[in-house]
Amino acid sequence: FCDEFSKLHVEVSPHPWGHTDELLRKAFGEDWRSILTFPSQEPVGSGCVAQVYKAYADLTAVAAPPAKGLARSSELQTASEAWEVSGLRGLFWWLRRRKSEGMWEERSGAELSPFGCSLRGPVSGTPHVEQMAAPLPNANPSSARHLTPVAVKVLHPGLVHQVQMDLFLMKLGSHIIGLLPGFKWLSLTEIVEEFEKLMLQQIDLHYEARNLERFCQNFLDVDFVKFPTPVRPLVTTDVLVETFEESEPISHYLHTEVATELRQRLAKMGMDMLLKMVFVDNFVHADLHPGNILVQGTACVSSSCKEQTAIVDVCDTLVLEVQPPFRRLCLVLLDAGIVAELQSADMQNFRAVFTAVVQGQGEKVAELILHHARANQCQDIERFKAEMAELVTKVRRNTIALGKLQVANLLSSVFKLLMTHKVKLESNFASIIFAIMVLEGLGRSLDPELDILEAAKPLLIRTAASVLE
1 FCDEFSKLHV EVSPHPWGHT DELLRKAFGE DWRSILTFPS QEPVGSGCVA
51 QVYKAYADLT AVAAPPAKGL ARSSELQTAS EAWEVSGLRG LFWWLRRRKS
101 EGMWEERSGA ELSPFGCSLR GPVSGTPHVE QMAAPLPNAN PSSARHLTPV
151 AVKVLHPGLV HQVQMDLFLM KLGSHIIGLL PGFKWLSLTE IVEEFEKLML
201 QQIDLHYEAR NLERFCQNFL DVDFVKFPTP VRPLVTTDVL VETFEESEPI
251 SHYLHTEVAT ELRQRLAKMG MDMLLKMVFV DNFVHADLHP GNILVQGTAC
301 VSSSCKEQTA IVDVCDTLVL EVQPPFRRLC LVLLDAGIVA ELQSADMQNF
351 RAVFTAVVQG QGEKVAELIL HHARANQCQD IERFKAEMAE LVTKVRRNTI
401 ALGKLQVANL LSSVFKLLMT HKVKLESNFA SIIFAIMVLE GLGRSLDPEL
451 DILEAAKPLL IRTAASVLE
């Protein structure tokens, strides 16, 4: 079952090249081929929302003033689609998002290059020219073109109508399920509304570009996580051009023949990455399935590693591509269209609940949930506290190792407890909870003994101790 549905990550049937060509002309003009060169019309991957091509960008053409004006032409189309998907509320959301995006660009503009990425590499602080692939000198000196490999992400046709239908069915289902006894306390309708906001964001690639830039800033000093950087101004609603990262899907490392030490390192890197997003940055990649996590580099530096030179034939033009040797094991995260972040008060509560679980304070967990719940009809508060304490104690007794405790099962038990005692679940926690659940499954596949709560303890104690006093 899971294997079949995993094909939706990168193996969705691709749309025809004609649709891609149409969107490229709409985004960058009839002369888009002066900016982008495609060695092949076949995508390197196709997901539920978009498909991705490997191409080569002419950086001199990208920096030219005409190119900078082209990307602004799709803003009204974005507003139209926001209205089409969810009416007046969607349009208001779009206006708020554009305002916040302008504030983010103003705040970070002094630190960003014209291509939308930091003047220091988002991984190790190296100069930007080292973060992007080395320019590719054209074999024909008269053209004076400098090509660099890029990934071009193009939305599928008819996506707006598909999202509209999916949201309608989800809303209908949540209302029907909410009529069943006890289920209204799971806030299913509110969770679907939160999901609607996320989907509106995902069908606008402007939003993904801004998220990628923010992740680059957040992980500026982390050398084992990196993100593609948008090549501005080649960013529109339907098309996103970003740096191309040579790497392998993390699913290749789930097999038993892969060295145990390497799998354990990858599991720890992934868990450290998620904990930083949740408890330090409060900005979480909420679509961390294996198709969006790539592995780059080697586990150790080898003196035998040498630069790899490749000659690539791009539309009858030979270009020389020099790839430096990989020098570190690194996770590359893609598809940042769906993110989750909490308001300050909610984040403090979330940290406090997690910290209480780590410290085995079950009654404290119950008190925090009751205090911050938007609604509850709990008739026996002491019993609710006692049952939550028993659940947390059971978790601690099982050593809190992912191999012995499944976070999904733990959350299921918590949900049942909330339903029994009529305490309403906070819907804005849903995206972060689901992100933890997905990465928990991946972490357990790589290293069954990885201890998520023990790994979280230093961060939690440092950031949430004041809330628990």
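All residue numbers for the sequence shown refer to UniProt numbering, where the first residue is 1 and numbers rise by one. Each residue gets a CB set at the ideal place from its N, CA and C atoms; glycine is no exception. Note that the structure is a prediction, hence the values are computed from the model and not measured.
Practice item. Please work out which residues of its chain come closer than 7 Å, Cβ to Cβ, to residue 263, disregarding the five sequence neighbours upstream and downstream, and give them in chain order. Key: Position 263 of the sequence shown holds residue 263. Excluding sequence neighbours, residue 263 sits near 253, 446, 447.
**Study point:** Strand pairing of residue 331, partner residues [DSSP]
**Key:** The residue labelled residue 331 in the question sits at position 331 within the sequence shown. Residue 331 is bridged to 225, 295.
Practice item. Determine the burial state of residue 423: buried for a count of at least 16 other Cβ atoms within 10 Å of its Cβ, exposed for fewer. Key: Translated into the one-based positions of the sequence shown, residue 423 becomes position 423. The residue in question, residue 423, is buried, as its Cβ has 16 or more Cβ neighbours within 10 Å.
Check your understanding: In chain order, which beta strand (DSSP E) runs of at least 3 residues are fully inside the stretch 204–248?
Key -> Taking only runs of at least 3 residues, the beta strand (DSSP E) segments lying wholly in the stretch 204–248 are 230–235, 239–243.
**Study point:** Of the listed residues 378, 379, 377, 384, nearest to residue 365 (C-alpha basis)
**Key:** Counting from 1 along the sequence shown, the entry for residue 365 is found at position 365. Ranking the options by Cα distance to residue 365, first place goes to 384.
Review point. Would you call residue 14 buried or exposed, if buried means 16 or more other Cβ atoms sit within 10 Å of its Cβ?
Key: As a position in the sequence shown, residue 14 is number 14, starting the count at 1. Its Cβ being crowded by 16 or more others within 10 Å, residue 14 is buried.
Point to revise | Cα-Cα separation, residue 46 to residue 27 | key: In the sequence shown, counting from the first residue as 1, residue 46 sits at position 46. In the sequence shown, counting from the first residue as 1, residue 27 sits at position 27. Answer to the nearest angstrom: the Cα atoms are 20 Å apart.
Review point. To which residues of the same chain is residue 331 closer than 8 Å at the C-beta, ignoring the five residues directly before and after it?
Key: In the sequence shown, the residue the question calls residue 331 occupies position 331. Hits under 8 Å: 224, 225, 226, 250, 266, 269, 270, 273, 293, 294, 295, 296.
Review point. Residues bridged to residue 376 by DSSP?
Key: Indexing the sequence shown from 1 puts residue 376 at position 376. Residue 376 is bridged to 423.
Practice item. Could you tell me the distance, in whole angstroms, from the CA atom of residue 354 to the CA atom of residue 388? Key: Residue 354 sits at position 354 when you count from the first residue of the sequence shown. Residue 388 sits at position 388 when you count from the first residue of the sequence shown. Cα to Cα, residue 354 sits roughly 13 Å from residue 388.
**Study point:** Separation of residue 38 from residue 202, as counted between CA atoms
**Key:** Taking the sequence shown and counting its residues from 1, one reaches residue 202 at position 202. Taking the sequence shown and counting its residues from 1, one reaches residue 38 at position 38. Distance between the alpha carbons of residue 202 and residue 38: 25 Å.
Review point. What number of angstroms, rounded off, separates the C-alpha of residue 460 from the C-alpha of residue 29?
Key: As a working note, residue 460 is residue 460 in the sequence shown. As a working note, residue 29 is residue 29 in the sequence shown. Whole-angstrom Cα-Cα distance: 50 Å.
Check your understanding: Whose C-beta lies closer than 6 Å to the C-beta of residue 44 among residues of the same chain, with five residues either side of it excluded?
Key -> Taking the first residue of the sequence shown as 1, we reach residue 44 at position 44. Closer than 6 Å at Cβ, skipping near neighbours: 52, 54.
Exercise for review: Evaluate the contact criterion for the stretch 143–159 versus the stretch 172–191: three or more CB pairs, one atom per stretch, below 8 Å.
Suggested key: no
Review point. Shortest alpha-carbon distance to residue 36 belongs to which of 59, 16, 49, 18?
Key: Start at 1 with the first residue of the sequence shown, and residue 36 comes out as number 36. Nearest option by C-alpha distance: 59.
Exercise for review: Could you check what DSSP says for residue 339 in three-state terms: helix, strand or coil?
Suggested key: Position 339 of the sequence shown, counting from 1, holds the residue named residue 339. Strand at residue 339.
**Study point:** Nonlocal neighbours in the same chain, by C-beta distance under 6 Å from residue 286, ignoring five residues either side
**Key:** By 1-based counting over the sequence shown, the position of residue 286 is 286. Scanning its chain for C-beta atoms nearer than 6 Å, with the 5 sequence neighbours on each side dropped, one finds around residue 286 the residues 338, 339, 340, 431, 435, in chain order.
Point to revise | Cα-Cα separation between residue 437 and residue 289, rounded to whole angstroms | key: The residue labelled residue 437 in the question sits at position 437 within the sequence shown. The residue labelled residue 289 in the question sits at position 289 within the sequence shown. Between residue 437 and residue 289, the C-alpha separation is close to 10 Å.
Check your understanding: Per DSSP, which one or two residues make a beta bridge with residue 148?
Key -> Translated into positions along the sequence shown, residue 148 becomes position 148. Beta-bridge pairing links residue 148 to 57.
Exercise for review: Can you have a look at residue 188 and say buried or exposed, based on whether 16 or more other CB atoms are within 10 angstroms of its CB?
Suggested key: Taking the sequence shown and counting its residues from 1, the one referred to as residue 188 is at position 188. Label assigned to residue 188: buried.
Review point. Using a Cβ-Cβ cut-off of 6 Å (strictly less than) and excluding sequence neighbours within five positions of residue 245, which residues of its own chain qualify?
Key: Position 245 of the sequence shown holds residue 245. Result list for residue 245: 228, 332, in chain order.
Check your understanding: Considering only residues of the same chain and omitting the five flanking positions on each side of residue 378, which have a CB-CB separation below 8 Å?
Key -> Residue 378 sits at position 378 when you count from the first residue of the sequence shown. Closer than 8 Å at the Cβ level, and outside the excluded window around residue 378, lie 370, 384, 421, 422, 423.
Exercise for review: Please look up how many angstroms separate the CB atoms of residue 62 and residue 231, rounded, as I've assumed it's under 8 Å.
Suggested key: Your numbering for residue 62 matches position 62 in the sequence shown. Your numbering for residue 231 matches position 231 in the sequence shown. A Cβ-Cβ separation of about 6 Å places residue 62 in contact with residue 231 under the 8 Å criterion.
Point to revise | Residues near residue 211 in its chain [Cβ-Cβ closer than 6 Å; skip 5 each side] | key: Along the sequence shown, one-based indexing puts residue 211 at 211. Cβ within range, chain order: 336, 339.
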